[in-house]
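Each residue of the sequence shown is one higher than the one before, starting from 1 at the first, in the UniProt record's numbering.
Glycine included, each C-beta is placed from N, C-alpha and C at the ideal position.
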Amino acid sequence: MTANRSFEDLVAEGAAVPTEGWDFSWFEGRADEARPSWGYARSAGERLAGAGAVLDVQTGGGEVLDLALGAAEPGRPLTVAATEGWPPNAAKATALLRPRGVVVVAAADDAPLPFADGAFDLVLSRHPVRPHWSEIARVLAPGGTYFAQHVGPASVFELVEYFLGPQPEEVRAARDPGRERAEAEAAGLDVVDLRAERLRMEFHDVGAVVHFLRKVVWMVPGFSVEAYEPRLRELHERIGREGPFVAHSSRHLFDARKPGG
Numbered sequence: 001m002t003a004n005r006s007f008e009d010l011v012a013e014g015a016a017v018p019t020e021g022w023d024f025s026w027f028e029g030r031a032d033e034a035r036p037s038w039g040y041a042r043s044a045g046e047r048l049a050g051a052g053a054v055l056d057v058q059t060g061g062g063e064v065l066d067l068a069l070g071a072a073e074p075g076r077p078l079t080v081a082a083t084e085g086w087p088p089n090a091a092k093a094t095a096l097l098r099p100r101g102v103v104v105v106a107a108a109d110d111a112p113l114p115f116a117d118g119a120f121d122l123v124l125s126r127h128p129v130r131p132h133w134s135e136i137a138r139v140l141a142p143g144g145t146y147f148a149q150h151v152g153p154a155s156v157f158e159l160v161e162y163f164l165g166p167q168p169e170e171v172r173a174a175r176d177p178g179r180e181r182a183e184a185e186a187a188g189l190d191v192v193d194l195r196a197e198r199l200r201m202e203f204h205d206v207g208a209v210v211h212f213l214r215k216v217v218w219m220v221p222g223f224s225v226e227a228y229e230p231r232l233r234e235l236h237e238r239i240g241r242e243g244p245f246v247a248h249s250s251r252h253l254f255d256a257r258k259p260g261g
């Protein structure tokens, strides 16, 4: 329980927790987020079960791909590769996924994918920084599928704007699913399904906020406890008076196909 803990203790704990990978189990009991209705890891596992060669782009620490591969057993794909651009995550993903026979390749998020044309019949990605549509289309075989969950527009902006103030409309509109559909189609993909949901989040203590903003670094660029101590203290007091800080995540599911095959 965190209700009676001091501001200093909570902030110190949130600042000390390691941030590598995309394992969010530390937040249990301290922050909650509703999950999209489509169940990405389970749905990806269903796609994996029928695939032969698979690429997971921007795999993070490999946790979601690991779950999807577990859901796909015993009909797992014959060939699986993953890319990751941040060295600590790449190391974590390698350790986690090597026992499953997955090759993790270090590749910058905005760099060309280091694979041959048409190498994969399934490309996955969960929360890519920015989809590299021309490269996704290039490495897909004709008839292949891109199946991914993206972060949508103005995701968790209640928290972002608490620290940064109101954001310009062009910033709020970034990651718009309609715009991404147009970009995917311009790269030659047919969008078979595109679904979007906005989901409730609750932060139950200021330590959870500190850890979240350290882990998801693009939310409040340059975030540090020292730089935002007054706002963090105000937030701690607000949670004590009013209960959890409520925000909303934005997610959309992409199911796109490369013509042919």
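Among the options, nearest to residue i - alpha-carbon criterion
i      : options                           : result
Glu202 : Ala31, Glu13, Gly21 and His127    : Ala31
Pro131 : Asn4, Ala256 and Gly261           : Ala256
Phe24  : Val216, Glu242, Val225 and Pro259 : Val216
Gln58  : Val80, Gly75, Arg76 and Ala90     : Ala90
Trp218 : Pro128, Phe147, Arg198 and Val123 : Pro128
Glu73  : His211, Glu46 and Lys92           : Glu46
Val156 : Glu135, Ala81 and Ala247          : Ala247
Tyr146 : Pro259, Ala107, Ala154 and Gly75  : Pro259
Val103 : Pro112, His236, Pro77 and Leu194  : Pro77
Glu20  : Phe212, Val105 and Asp190         : Phe212
Val151 : Asp193, Asp176 and Ala71          : Asp176
Pro88  : Ala81, Ala106, Ala82 and Pro99    : Ala106
For residue i, three-class secondary structure by DSSP
i      : result
Phe120 : strand
Leu55  : strand
Gly252 : The sequence as given places His at residue 252; Gly does not occur at that position. Note: His252 maps to strand in three-state DSSP.
Arg130 : coil
Val11  : helix
Thr19  : coil
Ser125 : strand
Tyr162 : helix
Ser6   : coil
Pro112 : coil
Start-to-end residues for the beta strand (DSSP E) that takes in residue i
i           : result
Pro142      : Leu140 to Val151
Asp190      : Asp190 to Phe203
residue 290 : Here the chain covers residues 1 to 261 and nothing more, so residue 290 does not appear.
Residues bridged to residue i [DSSP beta-bridge criterion]
i      : result
Arg257 : Thr145 and Asp190
Phe157 : According to DSSP, Phe157 bridges with nothing at all.
Thr83  : Val105
Ala247 : Met201
Contact under 9 Å by Cβ, residue i with residue j
i      : j      : result
Arg172 : Gln149 : no
Ala196 : Ser249 : no
Tyr162 : Phe223 : no
Gly14  : Val209 : yes
Gly207 : Asp9   : yes
Start-to-end residues for the alpha helix (DSSP H) that takes in residue i
i      : result
Glu73  : Here Glu73 belongs to no alpha helix (DSSP H), and DSSP marks it neither H nor E.
Tyr40  : Tyr40 to Ala49
Gly207 : Val206 to Lys215
Glu229 : Glu229 to Glu242
Val225 : Note, Val225: premise wrong, no alpha helix (DSSP H); not H, not E.
Arg172 : Glu169 to Arg172
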